[in-house]
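Report on the following structure.
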Amino acid sequence: MKVIKLGGSLLEDSTRRAQSLRSIADAWNGGEQIVLVHGGGKHIDALLSRLGIAKRTHAGLRITDGETLPVVVGVLAGIVNKMLVSELSALGVRAAGISGADASTLVAARRSPSDGVDLGHVGDVRSSDPALIHSLLAARILPVVSSVAIDDAGALLNVNADTAASAIAIAVGASSLTFVTDVPGVLDGSGAVVPLLDARKVRSLIRKNVVTGGMRPKLEAALHALSSGVKSIVIGEGGTELVAA
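Note that the sequence shown covers residues -13 to 231 in our numbering.
Here you go:
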């Protein structure tokens, strides 16, 4: 089974998105089991701007206050999720869009204030129940999962999509996890893609702050998946492969 995470500006680029979805459709129609996980930050930014709601971030995380949360949920679980379902359906794939909040697919805990800043409805994924995903797969329906989680009290939380994909890959027992995004892979100091990284080197890159921005949570999510039994991790289409040792 494969878990594929779509994110970055790729979700806005209709040409590149179509190419990625065509590859997914071909693999699915060839008999592979696939779970698709997605974010949608750029779409959230665009709707917030149209609504006149200021985008606020801290330490690379979106501050998700009471005014921002409905926009995040509506875009991720609605607009982007159903866009992907629609485009997969046009490619001959029976797909169903769900959020991580459905059937405890993603359970999270609200993150504590960071540096004195309350991030609002932002969560850290604590567990994933794969029951709903397995049911869809058993019916040959491709699950499309948005990165919205729920906490133990039933509150909705905005969670990092890379972390969500890692948690789902572990829960469903995936053999591989691929992060398809707008970067070609992990880059070295000269800007070239590093084709292979082991876990020790990845930890060193994170510890030394060599990787920043959105690549950091991707690598942290990849490490967690590797240590939990996911055998193959790839960042970027044909980009960097991560191995346990």
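Don't be surprised by glycine CBs; every beta carbon is placed ideally from N, CA and C.
Keep in mind that this is a model prediction, so the values were computed, not measured.
Near residue 230, which residues of its chain fall below 6 Å by C-beta distance, leaving aside the five closest residues on each side in sequence? Cβ within range, chain order: 185 and 212.
Is the beta carbon of residue 22 less than 8 Å from the beta carbon of residue 70? In this structure, residue 70 lies closer than 8 Å to residue 22 by Cβ.
My assumption, with CB atoms under 8 Å, is that residue 163 sits in contact with residue 155. Please give the rounded CB distance. Correct: roughly 4 Å between the Cβ atoms.
Entirely within the region 24 to 110 and at least 3 residues each: give me those beta strand (DSSP E) ranges in chain order. For the region 24 to 110, whole beta strand (DSSP E) runs of length 3 or above, ordered along the chain, are 81 to 85 and 93 to 96.
Taking contact to mean 3 or more Cβ pairs, one atom from each stretch, closer than 8 Å, check whether the region 80 to 99 and the region 130 to 144 are in contact. Contact between the region 80 to 99 and the region 130 to 144 is present: three or more C-beta pairs spanning the two stretches fall below 8 Å.
Express the C-alpha separation of residue 109 and residue 147 in angstroms, rounding to a whole number. Between the alpha carbons of residue 147 and residue 109 lies a gap of roughly 11 Å.
Element boundaries [beta strand (DSSP E), containing residue 144]: Counting along the chain, the beta strand (DSSP E) containing residue 144 begins and ends at 142 to 144.
DSSP three-state assignment for residue 12, whether helix, strand or coil: Helix at residue 12.
Should the region 98 to 106 be called in touch with the region 117 to 127, which here means at least 3 C-beta pairs below 8 Å? Using a Cβ-Cβ distance cut-off of 8 Å, the region 98 to 106 and the region 117 to 127 are not in contact, since fewer than three pairs of beta carbons, one from each stretch, lie closer than that value.
Pair within 8 Å by beta-carbon distance, residue 66 and residue 24: Yes, the Cβ-Cβ distance between residue 66 and residue 24 is below 8 Å.
In chain order, what residues of the same chain lie with their CB nearer than 6 Å to the CB of residue 14, ignoring the 5 residues before and after it? Here the set comprises 20, 79 and 128.
One question on the structure: do residue -3 and residue 29 come within less than 8 Å of each other, judged by their Cβ atoms? Cβ distance < 8 Å, so residue -3 and residue 29 count as in contact.
Rounded separation between residue 46 and residue 200 - CA only: Cα to Cα, residue 46 sits roughly 8 Å from residue 200.
Pop quiz: residue 217 and residue 161 are said to be a contact at Cβ under 8 Å. What is the actual Cβ separation, rounded to whole angstroms? Beta-carbon to beta-carbon, residue 217 and residue 161 are separated by about 6 Å, close enough to satisfy the 8 Å threshold.
Are there 16 or more other CB atoms within 10 angstroms of the CB of residue 39, so buried, or fewer, so exposed? Under this definition residue 39 is an exposed residue.
Straight-line Cα distance separating residue 180 from residue 208: The alpha-carbon atoms of residue 208 and residue 180 are separated by roughly 15 Å.
Residue 76 classed as buried or exposed, judged by whether at least 16 other C-beta atoms fall within 10 angstroms: Classification of residue 76: exposed, given that the 10 Å Cβ count is below 16.
Which partner residues of residue 113 appear in the DSSP bridge assignment? DSSP, once it has assigned bridges, lists 93 as partnering residue 113.
Return helix, strand or coil for residue 214, following the three-state DSSP convention. If DSSP states are grouped into helix, strand and coil, residue 214 belongs with coil.
Would you mind working out which of 37, 111 and 68 sits nearest residue 82, comparing C-alpha positions? Relative to the Cα of residue 82, the nearest Cα in the group 37, 111 and 68 belongs to 68.
Quick check on residue 167: does DSSP put it in helix, strand or coil? Here residue 167 carries a coil assignment [DSSP, helix/strand/coil].
Cα-Cα separation between residue 41 and residue 6, rounded to whole angstroms: Their Cα atoms are separated by approximately 29 Å.
Assuming residue 95 contacts residue 137 (C-beta within less than 8 Å), just tell me the rounded distance between them. The Cβ separation is near 6 Å, so the contact holds.
Just list the residues that DSSP pairs residue -12 with in beta bridges. BP columns for residue -12 point to 20 and 162.
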